[in-house]
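The block underneath contains the structure these notes are about, expressed in structure tokens.
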Amino acid sequence: MIEGAIWRRWVFFRLPMAIFLIFLLFPFYWMIITTFRPDGELYIPWYRANYKPFWTWNPTTAHLKYLFGETTFAIWMWNTTFIAVVATAISLFCGVLAGYALSRLNFRGAALLGTTIFVTYLVPQTLLFIPLSEIIRAYSLGDTPWSLILSYPTFLIPFCTWLMMGYFKSVPKELEECARIDGATRWQAMLYIIIPVAVPGILSAMIFAFTLSWNEFIYALVFLSSPEQKTVPVGVISELVRGDVFFWGPLMAGALFGSIPVAIAYSFFVEQYVSGVTGSVKG
Amino acid sequence: MATVVSVSDGGIIVGKPKWRPLENEGNLALLLLLPTVALLLMFIAYPFVRGILLAVTNSKVGVIGDFVGFENFARLLKDPIFHAVVYNTFLYTFVTTVFKLILGLWLALLLNRDFKFKAFTRAFILLPFIVPTVLACFAWKWMFDPTFSVINWMLFKLGIVAAGAGVNWLGDGDMAMLSIMIVNIWRGVPFFAISLMAGLQTISPDLGEAAAIDGAKPLQRFWYITWPLLMPVTMVVVLFSVIQTFSDFQIVYVMTGGGPANATHLFATYAYQLGIGTGLLSQGAAVSLAMFPLLFAIVIFQLMYIRRVETR
Chain A
0 MIEGAIWRRW VFFRLPMAIF LIFLLFPFYW MIITTFRPDG ELYIPWYRAN YKPFWTWNPT
60 TAHLKYLFGE TTFAIWMWNT TFIAVVATAI SLFCGVLAGY ALSRLNFRGA ALLGTTIFVT
120 YLVPQTLLFI PLSEIIRAYS LGDTPWSLIL SYPTFLIPFC TWLMMGYFKS VPKELEECAR
180 IDGATRWQAM LYIIIPVAVP GILSAMIFAF TLSWNEFIYA LVFLSSPEQK TVPVGVISEL
240 VRGDVFFWGP LMAGALFGSI PVAIAYSFFV EQYVSGVTGS VKG
Chain B
0 MATVVSVSDG GIIVGKPKWR PLENEGNLAL LLLLPTVALL LMFIAYPFVR GILLAVTNSK
60 VGVIGDFVGF ENFARLLKDP IFHAVVYNTF LYTFVTTVFK LILGLWLALL LNRDFKFKAF
120 TRAFILLPFI VPTVLACFAW KWMFDPTFSV INWMLFKLGI VAAGAGVNWL GDGDMAMLSI
180 MIVNIWRGVP FFAISLMAGL QTISPDLGEA AAIDGAKPLQ RFWYITWPLL MPVTMVVVLF
240 SVIQTFSDFQ IVYVMTGGGP ANATHLFATY AYQLGIGTGL LSQGAAVSLA MFPLLFAIVI
300 FQLMYIRRVE TR
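So the protein lines, in turn, are chains A and B. In terms of numbering that gives the first Met the number 0, the first sequence opens at residue 0 and continues consecutively. In terms of numbering that gives the first Met the number 0, the second sequence opens at residue 0 and continues consecutively.
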């Protein structure tokens, strides 16, 4: 596929690819190296001769000890996991059923409802966070995980529904008709025939919803207030920054460890994730 | 489903006509859609109405306000910070979208070739898009630190800046805007690249080969074949990205907090500062809602475009 002289390969492919990779991945390298670098090496101005940015010969676990010992980071991790898992489960349940109804059943208002759900899919969280914070307070959900578990589905369900609609449309109608001829009810045909076939689509929606809720920030920032209720992004920003003082070592350790669960989840389901990304734009 | 069976005289099992409400498509659809519709009504439609009601009163935290009509919006029109917010948001959205599209398309074309470790590379390229934005922003903020910036060190070693005269990335208004744009582009390029690559894969290579045989140069092949065929995917990706960027919050909140001197405030960060930071709920809600007309226009445009593509 890559034809031509060697210099062409370098100029048109290897060099640009290398620059892209460095640009996209360098911040992660920087997170890792900062996590294990002692404070004495971290705080050297960049123009000093002894500023050696890319490696350290004195790796330390002091920042990790601080992060896990002096802050409630482990609790934030647990909170984030719990919220992400429950919100994902609720959203998958709703999204799969709604996606099935909208793509497979004929009923009045199907097109209108499908469009409405697509529109809500495009509503950004920043449009509604102020009135929603009032409502959360009115329901006495403020500062509990349930404030997030119930509000995250608002952006996860439309996404899951949209993705599942696309997926269900690709399952041939004959499959369902065969089951119906053999005496299955509509409900049985859906539950035992169509949904099992759609498992890859459900996995895509699941991994996508999980990363979206793990990464959500503004609702968590506004709805949660006590340190032991916070999620990782909010906890890191509010507890590891004191006024103008940034504890860069523990901060980078927190950034690294807060990214690892999504990175692991993602690494298991790369293909599903990629098809989720592309499915979300194809409709 | 409970099955009702009766035994008739001859011992032949005959099913009675059963009451099966879920065999009716309308009923089944109603049942399946109920949880979704209930949650969306409660946590999107209702907050939206509440948001409008908040924006036409003068509520503060803990104080239920009086009806003031469009006073909050009228105040925004005279608010110099809000003017800066509108300018910043449009600039930020426009510049980052252009760069994300160009770089994303370039990366997609590179990824579309066959090379070693392709799956591996593709998996790593998506990392900026999947890790929590707030956490990645801290890495950038640390890289942009005025005293310890590794980027300044690189520029210093390349001979672009002198010792002690490094770029003040987040401290100067224009540079701060550039910095948050860089971070936004960094985060968005993988999404563009992967989506556009999926679009590229649906284009048959035969078309390009036929054109090559007819003597079309690579640039011509791209411009007259690939680009037009990629247009539907490009449109959707761009519109998604515009919505996300226009309503962006996290990057600015972490990197600059809207400063220095409001040079990087966007709608969402200004709404947060007014509504949550200062407790002026109504004014914050008004700033948030000011995003709505443009978002609405984009959504309508997108729906019309999708419909046109589908019916073609």
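Beta carbons: idealized from backbone N, C-alpha and C, even for Gly.
With respect to the 8 Å criterion, Ala28 of chain B and Leu104 of chain A are classified as neighbours on the basis of their beta carbons. Taking 8 Å as the threshold, the shortest C-beta distance from Glu133 of chain A to chain B falls below it. Of all alpha-carbon atoms in A:Val198, A:Phe128, A:Gly234, the one lying nearest the alpha-carbon of Phe154 of chain A is that of A:Phe128. Residues of chain B whose Cβ lies closer than 9 Å to the Cβ of Pro123 of chain A are, in chain order, Ile242, Gln243, Phe245, Ser246, Asp247, Phe248, Ala267, Met290, Leu294. The C-beta of Trp75 of chain A comes no closer than 8 Å to any C-beta of chain B.
Partner residues in a beta bridge of Phe114 of chain B, as assigned by DSSP, do not exist. The Cβ of Tyr45 of chain B sits closer than 8 Å to at least one Cβ of chain A. By the criterion of a C-beta distance shorter than 8 Å, Asp173 of chain B is surrounded in its chain by Ala262, once the five residues flanking it on both sides are discounted. Taking 8 Å as the Cβ-Cβ cut-off, the segment 96–108 of chain A approaches chain B at Leu96, Ala97, Tyr99, Ala100, Leu101, Leu104, Asn105, Phe106, Arg107, given in chain order.
Here Val276 of chain A really is in contact with Phe190 of chain B; their C-beta atoms are around 7 Å apart, less than 8 Å.
C-alpha of Pro15 of chain A to C-alpha of Ala211 of chain B: approximately 24 Å in a straight line. Using a Cβ-Cβ cut-off of 8 Å, Thr95 of chain B does not count as an interface residue toward chain A, since no Cβ of chain A sits closer than that to its own. Per the coordinates, the alpha-carbon of Gly158 of chain B lies some 13 Å from the alpha-carbon of Val166 of chain B. Straight-line measurement puts the Cα of Trp75 of chain A at about 16 Å from the Cα of Met251 of chain A. Assignment of Phe47 of chain B by DSSP, reduced to helix, strand and coil, places it in the helix class. Within the segment 149–178 of chain B, Val149, Asn151, Trp152, Phe155, Ala162, Gly163, Gly165 place their CB atoms closer than 7 Å to a CB of chain A, listed in sequence order. Looking at the backbone, the Cα of Pro37 of chain A and that of Ala17 of chain A are separated by about 30 Å. Counting only runs of 4+ residues, the alpha helix (DSSP H) found wholly inside the segment 206–282 of chain A occupies 217–222, 231–238, 247–267, 269–281, in chain order. Looking at A:Trp186, A:Phe209, A:Trp161, A:Pro130, the one whose alpha-carbon comes closest to that of Ser281 of chain B is A:Pro130. Beta-bridge partners assigned by DSSP to Phe66 of chain B: B:Thr56. Minimum Cα-Cα distance from Leu211 of chain A among the listed residues A:Gly200, A:Asp181, A:Ala4, A:Phe158 corresponds to A:Phe158. Looking from the CA of Asp171 of chain B, the closest CA among B:Pro145, B:Ile181, B:Phe155, B:Met196 belongs to B:Pro145. If you draw a straight line from the Cα of Ser146 of chain A to the Cα of Asn214 of chain A, it is about 16 Å long.
Around Cys93 of chain A, the beta-carbon contacts reaching into chain B at under 8 Å are Pro34, Thr35, Leu38. Asn183 of chain B and Asp247 of chain B have their C-alpha atoms spaced approximately 9 Å apart.
Around the beta-carbon of His264 of chain B, 16 or more other beta-carbon atoms lie within 10 Å, marking it buried.
Closer than 8 Å to the CB of Tyr191 of chain A there is not a single CB belonging to chain B. For Lys17 of chain B, no alpha helix (DSSP H) run applies, since DSSP gives it neither H nor E. For a cut-off of 8 Å, the C-beta gap from Gly257 of chain B to Thr268 of chain B is around 5 Å, short enough to register as a contact.
Taking 8 Å as the cut-off between beta carbons, the residues of the segment 132–160 of chain A near chain B are Ser132, Glu133, Ile134, Leu149, Ser150, Pro152, Thr153, Ile156, Pro157, Thr160, in sequence order. For Thr55 of chain A, same chain residues with a beta-carbon under 8 Å away, outside a window of 5 residues either side, are Ile32, Phe35, Arg36, Pro37, Glu40 in chain order. Within the same chain, Ala83, Thr87, Ala264 come within 7 Å of Phe209 of chain A by CB-CB distance, once the 5 residues on both sides are set aside.
If you ignore the 5 residues before and after Thr70 of chain A, its C-beta comes within less than 6 Å of the C-beta of Glu238, all in its own chain and listed in chain order. Distance from Val236 of chain B to Leu195 of chain B at the Cβ level is roughly 7 Å; contact confirmed, criterion being Cβ atoms closer than 8 Å. A Cβ-Cβ contact shorter than 8 Å links Met254 of chain B with Leu169 of chain B. A buried status is given to Ile116 of chain A, since no fewer than 16 other beta-carbon atoms sit within 10 Å of its beta-carbon.
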